[in-house]
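Numbering (the numbering used here), first residue to last: 19 to 112.
Before any comments, here is the structure.
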């Protein structure tokens, strides 16, 4: 998967929102990411990861996330492991 910068992530989320196999809960989370343009990119990524993680835990391992949404979630975790408030300070310290 390509680098998940703001433009690429917006494009991927737009494609996922058009997918009929995505559940309504997953679409709500993706829409929430899209509507929060007043927040910073890393802040939006942080809450997207958090919301997808909670949904995945609520659905359980058997059902889990849609495979396409799960692939996005996995790439977000891999490419942006630290997106919480402390990550800003960690970046400043280094």
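Cβ atoms here follow ideal geometry from the backbone N, Cα and C, with glycine treated the same way.
A quick note: this is a predicted structure, and the numbers were derived from the prediction, not measured.
Roughly how many whole angstroms lie between the Cα atoms of residue i and residue j?
| i | j | result |
| --- | --- | --- |
| residue 111 | residue 100 | Residue placement at residue 111 cannot be trusted, given a pLDDT of 47 that sits under 50; what the coordinates show is reported in the next sentence. The alpha-carbon atoms of residue 111 and residue 100 are separated by roughly 14 Å. |
| residue 33 | residue 40 | 11 Å |
| residue 81 | residue 98 | 25 Å |
| residue 19 | residue 92 | 11 Å |
| residue 78 | residue 63 | 22 Å |
| residue 68 | residue 38 | 23 Å |
Could you check how far apart the C-beta atoms of residue i and residue j are, in whole angstroms? I think they sit under 8 Å.
| i | j | result |
| --- | --- | --- |
| residue 30 | residue 51 | At roughly 11 Å, the Cβ-Cβ gap does not stay under 8 Å, so residue 30 and residue 51 are not in contact. |
| residue 24 | residue 49 | Actually they are not in contact, since the Cβ atoms of residue 24 and residue 49 sit about 17 Å apart, beyond 8 Å. |
Within the continuous alpha helix (DSSP H) that includes residue i, where are the two ends?
| i | result |
| --- | --- |
| residue 36 | 24-36 |
Contiguous alpha helix (DSSP H) assignments of at least 4 residues, all confined to the region 54-108: DSSP runs (the alpha helix (DSSP H)) wholly in the region 54-108: 59-81, 85-97.
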